[in-house]
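To start, the structure itself, in structure tokens.
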Amino acid sequence: MVESPQPSHARAPRRSVGGPSLPGRLVSHAVRALMVSVVVAVAGVAVGVASALPGPLDRTDPAGATTRTFGGTPLDEVLAAAQANARPDCGLSRDRLAAMMIVPTFIETGAPANRAPGPMTLSRWDLQSSLYAFGSSSTAYQRAYWHPGVGQWQFDSAGFWPLTAADAIDARQSAQLAAQIMSSRYCASTATTVGNKMRFAWGPWYYCTTSGDNVCILRFREIFQNGELTNIVRDNSVSRYGGMVQRTCRVRGIGEVSCWYIDPAKAEGHASWAVPSAAPTPVTSPFYVFEANGREYRYWLRQDSGYDRTVLAHKPVTANARTSLTWKLATDAVDGLCDLDAGRGACSEPFGSLDALVAQPGGVLVAGWVIDPHTSDPIPIRIESDGRVVAEVLADRHRDDLGAAFPAYGPNHAFHHFQPLAAGQQRVCVYGVDTAPPIVGDLEMGCATVTVMSGSPFGSLDHVDVTGPGSIRVRGWTIDPDTAASIPVHVYVNGIGRANVVADRPRTDVAAAFPLYGPDHGFDIAIDGLSAGENTVCVFGIESAGPGSNTLLACRTVTLDLGAPPFEPGTCEAGSGNGPFRDVPAQHQFCRPIEWLVEAGLSSGFPDGTFLPTSPVSRQAVAAFLHRLAGEPASGASEPSFDDVPASHPFFEAIQWMAATGVSTGTPQPDGSTLFAPASPVSRQAVAAFLHRLAGEPASGLSEPFFDDVPANHPNFEAIQWMAAVELSTGSIGADGSRRFAPGEVISRQAMAAFLHRSAAGAT
Numbered sequence: 005m006v007e008s009p010q011p012s013h014a015r016a017p018r019r020s021v022g023g024p025s026l027p028g029r030l031v032s033h034a035v036r037a038l039m040v041s042v043v044v045a046v047a048g049v050a051v052g053v054a055s056a057l058p059g060p061l062d063r064t065d066p067a068g069a070t071t072r073t074f075g076g077t078p079l080d081e082v083l084a085a086a087q088a089n090a091r092p093d094c095g096l097s098r099d100r101l102a103a104m105m106i107v108p109t110f111i112e113t114g115a116p117a118n119r120a121p122g123p124m125t126l127s128r129w130d131l132q133s134s135l136y137a138f139g140s141s142s143t144a145y146q147r148a149y150w151h152p153g154v155g156q157w158q159f160d161s162a163g164f165w166p167l168t169a170a171d172a173i174d175a176r177q178s179a180q181l182a183a184q185i186m187s188s189r190y191c192a193s194t195a196t197t198v199g200n201k202m203r204f205a206w207g208p209w210y211y212c213t214t215s216g217d218n219v220c221i222l223r224f225r226e227i228f229q230n231g232e233l234t235n236i237v238r239d240n241s242v243s244r245y246g247g248m249v250q251r252t253c254r255v256r257g258i259g260e261v262s263c264w265y266i267d268p269a270k271a272e273g274h275a276s277w278a279v280p281s282a283a284p285t286p287v288t289s290p291f292y293v294f295e296a297n298g299r300e301y302r303y304w305l306r307q308d309s310g311y312d313r314t315v316l317a318h319k320p321v322t323a324n325a326r327t328s329l330t331w332k333l334a335t336d337a338v339d340g341l342c343d344l345d346a347g348r349g350a351c352s353e354p355f356g357s358l359d360a361l362v363a364q365p366g367g368v369l370v371a372g373w374v375i376d377p378h379t380s381d382p383i384p385i386r387i388e389s390d391g392r393v394v395a396e397v398l399a400d401r402h403r404d405d406l407g408a409a410f411p412a413y414g415p416n417h418a419f420h421h422f423q424p425l426a427a428g429q430q431r432v433c434v435y436g437v438d439t440a441p442p443i444v445g446d447l448e449m450g451c452a453t454v455t456v457m458s459g460s461p462f463g464s465l466d467h468v469d470v471t472g473p474g475s476i477r478v479r480g481w482t483i484d485p486d487t488a489a490s491i492p493v494h495v496y497v498n499g500i501g502r503a504n505v506v507a508d509r510p511r512t513d514v515a516a517a518f519p520l521y522g523p524d525h526g527f528d529i530a531i532d533g534l535s536a537g538e539n540t541v542c543v544f545g546i547e548s549a550g551p552g553s554n555t556l557l558a559c560r561t562v563t564l565d566l567g568a569p570p571f572e573p574g575t576c577e578a579g580s581g582n583g584p585f586r587d588v589p590a591q592h593q594f595c596r597p598i599e600w601l602v603e604a605g606l607s608s609g610f611p612d613g614t615f616l617p618t619s620p621v622s623r624q625a626v627a628a629f630l631h632r633l634a635g636e637p638a639s640g641a642s643e644p645s646f647d648d649v650p651a652s653h654p655f656f657e658a659i660q661w662m663a664a665t666g667v668s669t670g671t672p673q674p675d676g677s678t679l680f681a682p683a684s685p686v687s688r689q690a691v692a693a694f695l696h697r698l699a700g701e702p703a704s705g706l707s708e709p710f711f712d713d714v715p716a717n718h719p720n721f722e723a724i725q726w727m728a729a730v731e732l733s734t735g736s737i738g739a740d741g742s743r744r745f746a747p748g749e750v751i752s753r754q755a756m757a758a759f760l761h762r763s764a765a766g767a768t
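Here the working numbering is used: the first residue of the sequence shown is 5, the next is one more, and so on.
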């Protein structure tokens with residue numbers, strides 16, 4: 005057991021490594037690799053909370069052997085690499101190889117038994133001046149130091165390993181290489197004992213070959229017993245990357261690369277090497293590392309080092325750093341590095357993210373954020389279509405995450421913009437505009453080829469049905485390709501406008517066919533009081549949001565028959581025979597409420613002597629009923645309250661009164677208009693809301709939901725509860741015994757008569 009610092013030395017002897025070929029980028033030089041051990045072991049750095057590894061690895065040896073702590077994810081990588089490189093043919097099982105791999109990591113990183121070896125470990129015992137910035141140990145840039153040995157296994161560049169610092173820190177890559185080397189050397193050994201085979205396998209690791217049984221063999225025996233890996237405790241605070249963070253960097257002269265940020269202060273596991281007094285050589289400042297064109301680059305940004313300039317160094321990936329480093333002070337415009345994720349470094353032009361560039365009805369939606377590093381003010385984005393500038397929009401929307409990530413610039417740098425475009429396929433690009441000196445250049449944030457739908461409305465007139473004498477029902481759908489919002493439809497009968505409604509009823513079939521537009525484009529319109537004979541019904545989709553014109557969806561001809569024989573009305577009191585209308589006999593369930601409507605002057609039925617008790621009621625008819633019930637007071641309004649109810653509308657005064665009293669507020673539209681939809685059928689829940697508001701919105705006094713289909717979170721819950729409390733509605737009993745109000749169903753004329761009759765009778 006070695007728990008004290010290793011003897012100081014400038015550099016350990018190097019040994020060559022032989023063995024079979026290695027896969028991927030590890031092939032070219034591994035068979036001639038050399039290894040330098042350059043790490044000091046110093047106690048005193050705490051690790052995170054550890055948890056025992058399940059299975060055979062959590063067994064404690066009865067003899068009291070030392071239990072060792074290893075990083076959670078690195079241990080998984082060791083086991084995976086050992087499994088992939090086990091050689092049963094030469095007696096090398098997975099657990100034996102895993103134990104052999106783990107043993108050197110404690111010595112190479114200096115980790116004591118109860119602390120996990122740190123994947124980010126950087127060597128500290130090589131005093132050669134060539135590793136200092138610009139090859140001088142007296143450099144002014146002391147902390148721009150190229151540590152040659154990196155990682156848990158300290159793969160030193162003197163071994164010509166095909167690893168950058170990031171590769172060596174990555175427990176997956178380093179564990180695979182360690183497993184391949186030890187497996188190939190173990191099975192290639194001509195030694196006659198297992199101990200000597202292991203010593204040969206450990207050849208590249210200095211202390212495992214020079215200390216006899218005092219170090220590696222003894223530690224191997226602690227964690228490998230009875231053919232199994234044992235006495236290992238997981239520290240799940242140590243990850244595969246050991247605190248190293250992946251970023252995206254833009255490097256002048258090279259382009260955009262995947263880079264890694266290595267900050268010793270963020271190291272996971274045992275980190276004595278990050279203590280300045282622990283060894284002779286400096287602790288490096290945080291640095292970025294990446295590979296490009298077969299070379300390993302390390303950048304020490306001035307923001308991290310505190311130096312006046314950014315320092316960079318590079319070498320061939322497989323070359324010895326002691327003889328191959330090229331040093332330079334970076335110039336932002338020539339070879340500067342910009343961390344695109346954090347906006348750090350030589351980020352002279354704007355930086356940001358294009359989060360969305362997608363086709364929308366009538367145009368495209370662009371969203372994201374952009375910052376000019378030379379100013380905290382918002383800057384514009386430029387939108388181009390097929391190389392033509394179509395808009396510049398200021399990126400000044402507030403986003404809290406931007407303020408947290410870039411406190412020097414603040415939160416107001418986001419954009420979320422809909423840009424109208426002509427119909428057709430086009431190439432759309434978004435740029436961050438460089439506006440603050442020094443002007444370096446605009447940022448191309450992204451491009452996409454999109455197909456934009458635009459033009460006049462389209463749709464379908466699905467049905468025109470005769471619902472009774474003088475009554476029809478018109479159904480279909482319409483869409484304006486320039487907007488996802490619902491648009492108006494106008495219905496003409498024999499050339500006379502009879503309905504102006506918004507096509508906003510849900511149609512799942514329309515949404516399935518046109519997913520960008522959603523379902524709310526259907527219409528279902530009841531029209532009463534038509535003449536007998538042939539009637540031509542035409543429906544128009546109304547242009548609402550862009551280029552185009554109103555569209556005739558279709559025309560249909562229907563024949564209405566009003567020539568019924570004369571009808572002599574009776575009374576409901578008789579209990580049999582004629583009631584007040586041809587289709588409402590004296591014994592009709594709703595005879596009395598319907599008869600009362602006539603007596604109160606609220607309805608006179610239809611010219612053929614019918615009332616059509618089961619027909620739907622339109623919103624304009626409800627307005628007329630309630631207005632008459634209130635005594636037809638003047639609305640007092642000088643201007644129309646709803647954009648689809650002009651002063652010439654036959655129910656204008658009744659609907660204006662609805663607005664003036666707050667009984668109806670209409671439906672706001674994306675374009676700023678407010679619609680009443682006078683010809684649309686009205687639902688039972690809407691009538692409940694109207695009556696509740698007309699009564700002054702009193703509390704129901706009921707603590708539990710009265711109807712099983714109207715839960716407490718229903719938007720019209722209180723109004724419907726009040727309907728039950730004052731006995732305006734008792735609902736109906738379903739086959740399963742539940743009490744239903746059917747809030748979404750269209751209200752019938754007979755149900756409307758019942759509600760109004762009970763209301764007038766003083767139920768409220």
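We treat Cβ as the ideally placed atom computed from N, Cα and C, and that holds for glycine.
Computed from a prediction, not measured in an experiment: that's the story for all the values here.
Subject >> Cα-Cα separation, A283 to G114 >> reply: Taking the first residue of the sequence shown as position 1, residue 283 is located at position 279. Taking the first residue of the sequence shown as position 1, residue 114 is located at position 110. About 12 Å.
Subject >> Pairwise C-alpha distance: D675 and F772 >> reply: Past the edges of the chain, shown from 5 to 768, lies residue 772, and the structure says nothing about it.
Original post:
What's the C-alpha gap between F138 and W331?
Top reply: For the purposes of this step, residue 138 is taken as residue 134 along the sequence shown, with counting starting at 1. For the purposes of this step, residue 331 is taken as residue 327 along the sequence shown, with counting starting at 1. Approximately 5 Å, taken between the alpha carbons.
Subject >> G23, DSSP secondary structure in three states >> reply: Counting from 1 along the sequence shown, the entry for residue 23 is found at position 19. Residue confidence for G23 is low, a pLDDT of 29 falling below 50, so the modelled location carries little weight; the figure read from the coordinates is stated next. Here G23 sits in coil by DSSP.
**OP:** Might you give, ordered along the chain, the residues of its own chain that have their beta carbon closer than 8 Å to the beta carbon of T561, omitting 5 neighbours on each side?
**Re:** As a first step, residue 561 is located in the sequence shown; it is residue number 557 there, counting from the start. Result list for T561: E538, N539, T540, V541, in chain order.
**OP:** Using 10 angstroms around the beta-carbon of F610, count the other beta-carbons present and answer buried if the total reaches 16, otherwise exposed.
**Re:** Walking along the sequence shown from the start, residue 610 turns up at place 606. Answer is buried; the Cβ neighbour count reaches 16.
Original post:
Does DSSP put E448 in a helix, a strand or coil?
Top reply: In the sequence shown, residue 448 corresponds to position 444, counting from 1. Strand at E448.
Subject >> Under the three-state DSSP convention, the category C351 falls into >> reply: As a first step, residue 351 must be located in the sequence shown, where it is residue number 347. Three-state DSSP puts C351 in coil, outside helix and strand.
Subject >> Given A192 as reference, the closest of C94, A488, I221 once Cα atoms are compared >> reply: Within the sequence shown, numbered from 1, the residue matching residue 192 stands at position 188. It is C94.
**OP:** For A412, collect the residues of the same chain with a Cβ closer than 8 Å to its Cβ; drop the 5 residues on either side in sequence, then sort them by chain order.
**Re:** To locate residue 412, count along the sequence shown from 1; it is residue 408. Closer than 8 Å at Cβ, skipping near neighbours: S380.
Subject >> Proximity winner among P280, R251, Y292, N297, relative to I258 (alpha-carbon distances) >> reply: Stepping through the sequence shown from its first residue, residue 258 is reached at position 254. Taking only the C-alpha atoms, the option nearest I258 is N297.
Original post:
Cα-Cα, which of A363, T482, M248, H378 is closest to G349?
Top reply: Your numbering for residue 349 matches position 345 in the sequence shown. Comparing Cα positions, the closest option is H378.
Original post:
How far does the beta strand (DSSP E) with K319 in it reach, from first residue to last?
Top reply: The residue given as residue 319 occupies position 315 in the sequence shown. Element bounds for K319: 315-320.
Original post:
According to the neighbour-count rule (16 or more other Cβ atoms, all chains shown, within 10 Å of its Cβ), is G436 buried or exposed?
Top reply: In the sequence shown, counting from the first residue as 1, residue 436 sits at position 432. Looking at its Cβ environment, which holds 16 or more other Cβ atoms inside 10 Å, G436 is buried.
Subject >> Nonlocal neighbours in the same chain, by C-beta distance under 6 Å from R63, ignoring five residues either side >> reply: Position 59 of the sequence shown, counted from the start, is the residue given in the question as residue 63. Bear in mind that a pLDDT of 36 at R63, under 50, signals an unreliable position, so the model cannot answer this.
Original post:
Grouping DSSP H, G and I as helix and E and B as strand, with all else coil, what is S357?
Top reply: What you label residue 357 is simply residue 353 of the sequence shown in a count that begins at 1. S357: strand per DSSP, three-state reduction.
Original post:
Comparing alpha-carbon positions, which option in V242, A681, V432, S97 lies nearest V506?
Top reply: By one-based count along the sequence shown, residue 506 stands at place 502. The candidate whose alpha carbon is nearest that of V506 is A681.
**OP:** Measure the Cβ-Cβ separation of A755 and N720 and say whether it is below 8 Å.
**Re:** In the sequence shown, counting from the first residue as 1, residue 755 sits at position 751. In the sequence shown, counting from the first residue as 1, residue 720 sits at position 716. Not a contact, by the Cβ cut-off of 8 Å.
Original post:
Buried or exposed: which applies to G748, given that a residue is buried once 16 or more other Cβ atoms fall within 10 Å of its Cβ?
Top reply: On the sequence shown, residue 748 is found 744 positions in, with the first residue counted as 1. When all chains shown are included, G748 counts as exposed.
**OP:** Please name the residue in D648, I546, L79, R479 whose C-alpha comes closest to that of P238.
**Re:** As a position in the sequence shown, residue 238 is number 234, starting the count at 1. The identity of residue 238 in the sequence shown is Arg, whereas the question assumes Pro. Cα-wise, what sits closest to R238 is L79.
**OP:** Kindly indicate which residue of P123, G670, T77, R753 has the alpha-carbon position closest to the one of V588.
**Re:** Start at 1 with the first residue of the sequence shown, and residue 588 comes out as number 584. Closest option to V588, Cα to Cα, is R753.
Original post:
The alpha helix (DSSP H) spanning Q591 covers which residue range?
Top reply: Counting from 1 along the sequence shown, the entry for residue 591 is found at position 587. Unbroken run through Q591: none, as it is neither H nor E.
Original post:
Rounded C-beta distance between G155 and P116? I'm assuming under 8 Å.
Top reply: Taking the sequence shown and counting its residues from 1, the one referred to as residue 155 is at position 151. Taking the sequence shown and counting its residues from 1, the one referred to as residue 116 is at position 112. Incorrect: roughly 18 Å between the Cβ atoms, too far for contact.
Subject >> Where L601 sits in the DSSP three-state scheme >> reply: Within the sequence shown, the letter at position 597 stands for residue 601. Helix, per DSSP.
Original post:
So with Cβ pairs under 8 Å, would you call R560 a contact of chain C?
Top reply: In the structure shown, chain C cannot be found, because there is only a single protein chain.
**OP:** Mind the definition here: the segment 289-307 touches the segment 93-112 only if three or more C-beta pairs lie below 8 Å; say whether that holds.
**Re:** no
Subject >> Closest by C-alpha distance to V315, when choosing among D308, Y303, A323 >> reply: Counted from its first residue, the sequence shown places residue 315 at position 311. Nearest C-alpha to V315: Y303.
Original post:
Going by alpha carbons, who is nearest to G347 out of Q423, V397, V255?
Top reply: Mapped onto the sequence shown, residue 347 falls at position 343. Nearest of Q423, V397, V255 to G347, Cα basis: V255.
Subject >> Q429 classed as buried or exposed, judged by whether at least 16 other C-beta atoms fall within 10 angstroms >> reply: Mapped onto the sequence shown, residue 429 falls at position 425. Under this definition Q429 is an exposed residue.
Subject >> Neighbourhood of A427 by C-beta distance below 7 Å, restricted to the same chain and skipping five residues each side >> reply: Within the sequence shown, the letter at position 423 stands for residue 427. Answer for A427: V456, M457, S458, G459, listed in chain order.
**OP:** Kindly indicate the opening and closing residues of the alpha helix (DSSP H) around P108.
**Re:** For the purposes of this step, residue 108 is identified with residue 104 of the sequence shown, where counting begins at 1. P108 -> alpha helix (DSSP H) spans 98-113.
Subject >> Residues that DSSP places opposite S736 in a beta bridge >> reply: Position 732 of the sequence shown, counted from the first residue, corresponds to residue 736. According to DSSP, S736 bridges with R744.
Original post:
DSSP on L135, reduced to helix/strand/coil?
Top reply: Walking along the sequence shown from the start, residue 135 turns up at place 131. Correct three-state label for L135: helix.
Original post:
First and last residue of the beta strand (DSSP E) that includes H718?
Top reply: Locating residue 718 in the sequence shown gives position 714, where the first residue counts as 1. Counting along the chain, H718 falls outside any beta strand (DSSP E), and DSSP gives it neither H nor E.
Original post:
With respect to the beta strand (DSSP E) encompassing H467, which residues constitute its N-terminal and C-terminal limits?
Top reply: The count along the sequence shown starts at 1 and reaches residue 467 at position 463. From DSSP, the beta strand (DSSP E) with H467 extends over 462-472.
**OP:** Count the CB pairs spanning the segment 692-711 and the segment 508-526 that are closer than 8 Å, and state whether there are at least three.
**Re:** no
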